[in-house]
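S.K.:
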Amino acid sequence: MVRGKALSADLRLAVLNMARHWDVPNIVKFTGCKTRTVERILSDYRRKGTVLQDRHAGALQGLKKKLTTHDIRFLRGTVRHTADLYLDELRDLLEERCGTKVHESTVWRALRRSGFTIKKVSSGYSCFFCSNWMTDKFSSH
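In the working numbering, the protein residues as written are 231 to 371.
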């Protein structure tokens, strides 16, 4: 078995059924699983009463999301309307209008997940403004 790859439900159930008749070394020989994997499947069954893994949203780990879908829609709309805002300005607008206080990195991650990319600031000017202005200004010289 590949390390870190989830085992199929069929394989888990097969290991459980084999355990009724065979010992762990025989199960390892016939399934190709590691000894520890078979032991873990059997341990999960004794502990939880099932070998199937939880796949519902409640089983996911991690912190509760601070931005609601309304907050993310607000950020998307604001960036589409005014693309030259800095992350701290977006954060301040979000706090002022939606009442949600988050860090700039949270704002950036939400926008990145929505498909937005960021433009780097160079020479004190935002690249959103510079592209046409800079070529017009310096192409005549």
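C-beta atoms are modelled at their ideal positions from N, C-alpha and C, and glycine is treated no differently.
(1) Start and end of the alpha helix (DSSP H) containing L212?
(2) Are there 16 or more other CB atoms within 10 angstroms of the CB of R266, so buried, or fewer, so exposed?
(3) Using only CA atoms, which one of I348, R327, R270 and W252 lies nearest to L317?
(4) Could you spell out the range, first to last residue, of the alpha helix (DSSP H) harbouring I271?
(5) For the alpha helix (DSSP H) that V254 lies in, which residues bound it at each end?
M.R.: In terms of the structure at hand:
(1) Given that the chain is displayed from residue 231 to residue 371, the structure contains no residue 212 and the question cannot be resolved.
(2) exposed
(3) I348
(4) T265 to K278
(5) V254 to T261
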